[in-house]
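Right, one structure below, let's go through it.
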Amino acid sequence: MSSYETTGILTHEHFGKNLPPKERLEKGPVAVIECIQKIPCDPCAYVCKFGAIRKKSLVDPPEVDYEKCTGCGECVAICPGLAIFVLNLKYKNDEALVMIPYELLPTPKKGETWEALDREGKKVGEARIIATRMKNRTAVVTIAVRKHLAMNVRNIGRKLK
Amino acid sequence: MHKGIGLDLRIQKHPIIEFERGKPIQIYLNRRKITAYEGETILAALYALGIKNYGESVKYRRPRGFFCGIGKCSSCLMRVNGMPRVRTCVTLVEDGMTIEYEKGHGELPIASEVEVEDEKVDTDLVIIGGGPAGLSAAISAAKLGVEVFVIDENPKPGGQLIKQTHKFFGSKYNYASVRGVEIAEVLLKDLRESYAKWIVNASTIGYYKNGKHVIAAVQDNHKLIEMSAAKVIVSSGARENTLLFPNNDLPGVYGAGGVQTLMNVYGVKPGNDALIVGAGNVGLIVGYQLVQAGVNVKMVVEAMPKIGGYAVHAAKLRRLGIPILTRHSIKSAEGKDHVEKATIVELNEKGQAIEGSEESINTDLICLAVGLTPSSEIPSQAGCSQAYIPELGGLVAVHNEDLETTLNGMYVSGDASGIGEANTAMMEGTLTGANVAMELGKDRSKAEKIREASLKHLNALRASPFGEKVLKGKEKIWEIWRETK
Numbered sequence: 001m002s003s004y005e006t007t008g009i010l011t012h013e014h015f016g017k018n019l020p021p022k023e024r025l026e027k028g029p030v031a032v033i034e035c036i037q038k039i040p041c042d043p044c045a046y047v048c049k050f051g052a053i054r055k056k057s058l059v060d061p062p063e064v065d066y067e068k069c070t071g072c073g074e075c076v077a078i079c080p081g082l083a084i085f086v087l088n089l090k091y092k093n094d095e096a097l098v099m100i101p102y103e104l105l106p107t108p109k110k111g112e113t114w115e116a117l118d119r120e121g122k123k124v125g126e127a128r129i130i131a132t133r134m135k136n137r138t139a140v141v142t143i144a145v146r147k148h149l150a151m152n153v154r155n156i157g158r159k160l161k
Numbered sequence: 162m163h164k165g166i167g168l169d170l171r172i173q174k175h176p177i178i179e180f181e182r183g184k185p186i187q188i189y190l191n192r193r194k195i196t197a198y199e200g201e202t203i204l205a206a207l208y209a210l211g212i213k214n215y216g217e218s219v220k221y222r223r224p225r226g227f228f229c230g231i232g233k234c235s236s237c238l239m240r241v242n243g244m245p246r247v248r249t250c251v252t253l254v255e256d257g258m259t260i261e262y263e264k265g266h267g268e269l270p271i272a273s274e275v276e277v278e279d280e281k282v283d284t285d286l287v288i289i290g291g292g293p294a295g296l297s298a299a300i301s302a303a304k305l306g307v308e309v310f311v312i313d314e315n316p317k318p319g320g321q322l323i324k325q326t327h328k329f330f331g332s333k334y335n336y337a338s339v340r341g342v343e344i345a346e347v348l349l350k351d352l353r354e355s356y357a358k359w360i361v362n363a364s365t366i367g368y369y370k371n372g373k374h375v376i377a378a379v380q381d382n383h384k385l386i387e388m389s390a391a392k393v394i395v396s397s398g399a400r401e402n403t404l405l406f407p408n409n410d411l412p413g414v415y416g417a418g419g420v421q422t423l424m425n426v427y428g429v430k431p432g433n434d435a436l437i438v439g440a441g442n443v444g445l446i447v448g449y450q451l452v453q454a455g456v457n458v459k460m461v462v463e464a465m466p467k468i469g470g471y472a473v474h475a476a477k478l479r480r481l482g483i484p485i486l487t488r489h490s491i492k493s494a495e496g497k498d499h500v501e502k503a504t505i506v507e508l509n510e511k512g513q514a515i516e517g518s519e520e521s522i523n524t525d526l527i528c529l530a531v532g533l534t535p536s537s538e539i540p541s542q543a544g545c546s547q548a549y550i551p552e553l554g555g556l557v558a559v560h561n562e563d564l565e566t567t568l569n570g571m572y573v574s575g576d577a578s579g580i581g582e583a584n585t586a587m588m589e590g591t592l593t594g595a596n597v598a599m600e601l602g603k604d605r606s607k608a609e610k611i612r613e614a615s616l617k618h619l620n621a622l623r624a625s626p627f628g629e630k631v632l633k634g635k636e637k638i639w640e641i642w643r644e645t646k
């Protein structure tokens, strides 16, 4: 039994080869798919215009061809599990961008600052809202966080300012 | 009992759903005038004012709240316009309606004072239950030229789809990434475009046989409908399980689906601080939906050693800071007329409570998401063979891969044929609709194609570890069907 089955929290160990390699992360926007179980689902694969996401079968977890992925974020908006994020570590020297799906109110607005939360909902820093794009009532929110937090920030908490 | 009046728990802003309320009307609760909105159930209108108790139990006079919210459990009965024991969760408010608390079994009005009507329907196919399975069956059969009549006991058809704010999993073929509420709209649109007839607010009350299958139903609490048909599809869904613990009947202890109905169909906030019991997909999803409705979800407890639902659903709750405690369960609920607290407890490897591990939680909303039992009453009364299959949630009508029961011309589909999920329910519905069309000699080649596609997609959907249990249950019941026939 893996730890996520008792805690509900996925860690980097669980993702294994599902994480983009370090060299690819350094190159700019790329999708990170935090979906490792066999579940019958495939919208991420058919929405990708670049053919970067492959499902061997309806139930096999998605596999990403990181060379084809442009980090456009279409998959972030369509994933029913809200399990896809786009990371851009090239954004600034000390800041990275994380694109997250968000389905709560209020909808974050550009220019605001919110709490940056990790996979356990713990506040680990601050998130500047860079952009919000509504797609079928899912807000796809791009936040800027301190670079070292990018691999762990997966949600926003309360609005700070 | 009126202490709540003055509150309004109606949700005004929601990230996914826009609640369309009808015009305000006046109803009378024990002669006290209160405002409700057209399109609301009595239960929703009262709950919105903070009125959460609807009567008392007959023997021990314990307070009664609602439980299932979909007309299956009889916990929310009140006297309405002089009629005793009316299910307030499926009865819509009307201007000037009188609603009264009732003691004991209630008294029937004098027969001559009650207006009654009757109607006879003669059709090819009657479908009992207009949820994902029933609507899909209706669309598939009607498009193939079958004369269809669908009956549903809730004010709105669509079953549990109409309360799902999340996007569905599955393939493009079965509405993947479309929210449940939107799938219901698509199905209703298709239903309207087909030639199927359908009614709501109508409960099936019995099965008879008179050359054809005869189904009796009551619509709007006063109209008797006798439906004769060559074929019947029972897609009556499921009822929610409860759990045994002290005070499990206190108002504030609700089925997860009941909470979804109140919150996502009628837009009423069910509580302030929620405890969720069960970390299967239903528990995890309702937890997330509660947050969307502005409820503080304290935690999810799960008696099993691992989370039963999808990791992606669990992750959504965890990153909101909501703990999921496996090997934990509820020990008791506390409160006078309503839940105020719950005690949770850790379980050992044998599933027994560990002494001294109790923790008291302040909560006014305990959501039970501990499984479902198929609603198999009609096949049972009709004389279909039944079998107890734990993997399918309990007693189900024995059926084959084409969902035919042992009674000629009667089919089952969706949760009534074994607890699954909505995608497979829709596929099963499409499949049975096509089968009925074939049996009735309609467009055979087209029906056969739909049948084959449905079987293929059903297999694909069940080919994950999460589908294993259902598939095992289905294989058992198919085997029993072969032995019985």
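Top line first, the protein sequences correspond to chains A and B.
Just so you know, my numbering puts 71 at position 71 of the first sequence, and the rest follows in order with no gaps.
Take any residue in the second sequence, count from 1 to its spot, add 161: that is its number in my numbering.
The beta-carbon is built from N, C-alpha and C at its ideal position, and this holds for glycine as well.
This one's a predicted model, so the numbers in the text were calculated from it and none came from an experiment.
Query, Result
"Residue range of the unbroken beta strand (DSSP E) whose run includes Ile288 (chain B)", "Glu278 to Ile289"
"Interface residues of chain B facing Ala145 (chain A) [CB-CB closer than 9 Å]", "It should be pointed out that residue 145 (chain A) corresponds to Val in this sequence rather than to Ala. Neighbours of Val145 (chain A) on chain B: none; closest Cβ ~14 Å, over 9 Å."
"Under 9 Å by beta carbon: chain A residues contacting Gln453 (chain B)", "Glu103, Leu104 and Leu105"
"Selection from B:Glu501, B:Asp498, B:Leu486 and B:Gly230 that minimises the alpha carbon distance to Leu508 (chain B)", "B:Leu486"
"Alpha-carbon spacing of Leu601 (chain B) relative to Lys317 (chain B), whole angstroms", "29 Å"
"Beta-carbon proximity check, Cys250 (chain B) vs Gly232 (chain B), cutoff 8 Å", "yes"
"Cβ contact (3+ pairs, closer than 8 Å) linking the region 487 to 499 of chain B and the region 462 to 473 of chain B", "yes"
"Coarse secondary structure for Asp351 (chain B), derived from DSSP in three states", "helix"
"Contact the region 225 to 244 of chain B vs the region 292 to 309 of chain B: 3+ CB pairs below 8 Å", "no"
"Reduced DSSP secondary structure (H/G/I, E/B, other) of Gly265 (chain B)", "coil"
"Classification of Ser332 (chain B) by the beta-carbon crowding that lies within 10 angstroms, buried from 16 upward", "buried"
"Own chain partners of Glu640 (chain B) with C-beta closer than 6 Å, once the 5 adjacent residues on each side are dropped", "none"
"Contacting positions in the region 456 to 482 of chain B - beta carbon closer than 8 Å to chain A", "Pro466, Lys467, Ile468, Tyr471, Ala472, Val473, His474, Ala475, Ala476, Lys477, Leu478, Arg479, Arg480, Leu481 and Gly482"
"Cβ shell of Asn152 (chain A) (< 8 Å), same chain only, five flanking positions each side left out", "Asp118, Arg119 and Val124"
"Nearest-angstrom beta carbon gap, Ile260 (chain B) and Gln203 (chain B) [assumed within contact, 8 Å]", "Reading off the sequence, residue 203 (chain B) comes out as Ile, not Gln. Sure, about 6 Å apart at Cβ, within 8 Å."
"Under 8 Å between C-beta atoms of Val452 (chain B) and Leu481 (chain B)", "yes"
"Buried versus exposed, by CB contacts within 10 Å (16 or more), His163 (chain B)", "Any reading at His163 (chain B) must be qualified, since the residue scores a pLDDT of 45, below 50, and its modelled position is unreliable; no value is offered."
"Backbone secondary structure at Ile446 (chain B) - three-state DSSP", "helix"
"Residue from B:Glu629, B:Ala595 and B:Ser625 with nearest C-alpha to Leu616 (chain B)", "B:Ala595"
"Under 8 Å from the C-beta of Val124 (chain A): neighbouring residues of chain B", "In chain order: nothing, as chain B lies at least about 11 Å away."
"C-alpha gap between Ala357 (chain B) and Glu609 (chain B), whole angstroms", "20 Å"
"Residues bridged to Lys370 (chain B) [DSSP beta-bridge criterion]", "B:His374"
"Inter-residue Cα distance where the pair is Asp60 (chain A) and Asn155 (chain A)", "26 Å"
"Own chain, CB closer than 6 Å to Val254 (chain B), minus 5 neighbours either side, in chain order", "Ile188, Ala197, Glu201, Ile203 and Ala206"
"Alpha carbon of Arg400 (chain B) to alpha carbon of Cys234 (chain B), nearest angstrom", "8 Å"
"Endpoints, the alpha helix (DSSP H) within which Cys44 (chain A) is located", "Pro43 to Val47"
"Backbone CA spacing between Pro484 (chain B) and Tyr262 (chain B) [nearest angstrom]", "39 Å"
"Proximity winner among B:Ser338, B:Met571, B:Asn561 and B:Ile527, relative to Gly544 (chain B) (alpha-carbon distances)", "B:Met571"
"Under 8 Å from the C-beta of Pro626 (chain B): neighbouring residues of chain A", "Gln37 and Lys38"
"Same chain, Cβ closer than 6 Å to Gly165 (chain B), neighbours up to 5 away in sequence not counted", "In this prediction, Gly165 (chain B) has a pLDDT of 46, which is less than 50 and means its spatial position is unreliable; what the coordinates show is noted afterwards. Same-chain partners within the cutoff: Leu210, Gly211 and Ile212."
"Contact list for Leu117 (chain A) against chain B, beta-carbon separation under 9 Å", "Arg480, Leu481 and Gly482"
"Under 7 Å from the C-beta of Pro176 (chain B): neighbouring residues of chain A", "Glu103, Leu104, Leu105 and Arg137"
"Interface flag, Ile485 (chain B) vs chain A, CB-CB below 8 Å", "yes"
"Cutoff 8 Å: Leu113 (chain B) Cβ touching any chain A Cβ", "Because chain B here runs from 162 to 646, residue 113 (chain B) falls outside it and cannot be looked at."
"Boundaries of the beta strand (DSSP E) in which Ile360 (chain B) is found, first to last residue", "Lys358 to Ile360"
"Own chain partners of Ser397 (chain B) with C-beta closer than 7 Å, once the 5 adjacent residues on each side are dropped", "Ile289, Gly290, Ser536, Ile539 and Ala577"
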